[in-house]
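Chemist:
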Amino acid sequence: MKFKTQKIAYYFFASALALLVLQIVYGFIMVFARLGFDVLHDWIPFNTARTTHINLLVVWLLTGFMGSAYYVIPEESGRELHMPRLAILQLISWLVVGVVAVVGFHFGWWEGRKFLEIPRPLDYLVVVNVLLFLYIIGMT
5 MKFKTQKIAY
15 YFFASALALL
25 VLQIVYGFIM
35 VFARLGFDVL
45 HDWIPFNTAR
55 TTHINLLVVW
65 LLTGFMGSAY
75 YVIPEESGRE
85 LHMPRLAILQ
95 LISWLVVGVV
105 AVVGFHFGWW
115 EGRKFLEIPR
125 PLDYLVVVNV
135 LLFLYIIGMT
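According to our numbering, the residues represented by the sequence shown are 5 to 144, in order.
(1) Are at least three pairs of beta-carbons, each pair with one atom in the region 130–142 and one in the region 85–93, less than 8 angstroms apart?
(2) In angstroms, rounded to a whole number, what distance separates the CA positions of Arg89 and Phe50?
(3) Could you tell me which of Tyr75, Tyr30 and His110 sits nearest to Thr9, measuring between CA atoms?
(4) Between which two residues does the alpha helix (DSSP H) carrying Thr56 extend?
(5) Using the Cα positions of Val104 and Thr56, report the straight-line distance between them to the nearest angstrom.
(6) CB-CB under 7 angstroms to Leu44, same chain, minus the five flanking residues each way: which ones, in chain order?
(7) CB Phe17 to CB Gly82, shorter than 8 angstroms?
(8) What residue does the alpha helix (DSSP H) around Trp47 start on, and which one ends it?
(9) What does a CB cutoff of less than 6 angstroms around Gly71 pick up in its chain, not counting 5 residues either side in sequence?
(10) For Met117, which of helix, strand or coil comes out of DSSP?
(11) Does the separation of the CB atoms of Phe7 and Glu115 fall below 8 angstroms?
(12) Grab me the residues of Ile122's own chain with a C-beta within less than 6 angstroms of its C-beta, minus the 5 sequence neighbours each way, in chain order.
(13) Roughly how many whole angstroms lie between the Cα atoms of Asp127 and Arg38?
(14) Starting from Met34, follow the alpha helix (DSSP H) in both directions and report where the run begins and ends.
(15) For the alpha helix (DSSP H) containing Pro125, list its first residue and its last residue.
Okay, here's the thing in structure tokens:
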């Protein structure tokens, strides 16, 4: 690790790993439901588990990708990340959007579009997060 700001990538990697574990948990919930051991159905119906499982896949992959970029780009450009605090803020806001989406799924807050279940206000926040990511990478 040549640059101090590359440490930010570890926060992204740890978050991605936690999201992966959560995705696996939801996968097991679905497997047990399909096998007839659906003891959690009152709290986590199958459609909610499926929606959460698929959306967690997208979120942990993008989180890992962002962390990889925050690690590689400073090394390739030969300089520190532009505005590292903004990168931390971007991670926090990204995870908050993810948590709100998952909690919302459990309360029936989705649009019903296949693979695009998160509600429209959260879509806009995802776009803001991606634009922040592109700004930080572009300015580095």
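From the three backbone atoms N, C-alpha and C, an ideal C-beta is built for every residue, glycine too.
Modeler: In this structure, then:
(1) yes
(2) Residue mapping note: residue 89 aligns to position 85 of the sequence shown, counting from 1. Residue mapping note: residue 50 aligns to position 46 of the sequence shown, counting from 1. Cα to Cα, the separation comes out at about 39 angstroms.
(3) As a first step, residue 9 is located in the sequence shown; it is residue number 5 there, counting from the start. Nearest of Tyr75, Tyr30 and His110 to Thr9, Cα basis: Tyr75.
(4) Position 52 of the sequence shown, counted from the first residue, corresponds to residue 56. Its alpha helix (DSSP H) spans residues Phe50 to Ser81.
(5) As a working mapping, residue 104 is identified with position 100 in the sequence shown. As a working mapping, residue 56 is identified with position 52 in the sequence shown. Between Val104 and Thr56, the C-alpha separation is close to 11 angstroms.
(6) For the purposes of this step, residue 44 is taken as residue 40 along the sequence shown, with counting starting at 1. Excluding sequence neighbours, Leu44 sits near Ile33.
(7) To locate residue 17, count along the sequence shown from 1; it is residue 13. To locate residue 82, count along the sequence shown from 1; it is residue 78. Taking 8 angstroms as the Cβ cut-off, Phe17 and Gly82 do not qualify as a contacting pair.
(8) On the sequence shown, position 43 is the one that residue 47 refers to. Element bounds for Trp47: n/a, residue is neither H nor E.
(9) Here the question's residue 71 lines up with position 67 in the sequence shown. Only Ala13, Phe16 and Phe17 meet the Cβ criterion.
(10) Counting from one through the sequence shown, the residue named residue 117 turns up at place 113. For the record, residue 117 in the displayed sequence is Arg; it is not Met. Arg117 falls in the coil class under three-state DSSP.
(11) Taking the sequence shown and counting its residues from 1, the one referred to as residue 7 is at position 3. Taking the sequence shown and counting its residues from 1, the one referred to as residue 115 is at position 111. Taking 8 angstroms as the Cβ cut-off, Phe7 and Glu115 do not qualify as a contacting pair.
(12) Residue numbering aside, residue 122 sits at position 118 when the sequence shown is read from its first letter. Counting only Cβ-Cβ distances below 6 angstroms, and skipping sequence neighbours, we find Ala105.
(13) Residue 127 sits at position 123 when you count from the first residue of the sequence shown. Residue 38 sits at position 34 when you count from the first residue of the sequence shown. Taking the straight line joining both Cα atoms gives about 31 angstroms.
(14) Position 30 of the sequence shown, counting from 1, holds the residue named residue 34. From DSSP, the alpha helix (DSSP H) with Met34 extends over Ile12 to Arg38.
(15) Looking up residue 125 in the sequence shown gives position 121. Looking at the DSSP string, the run of the alpha helix (DSSP H) that includes Pro125 is Arg124 to Met143.
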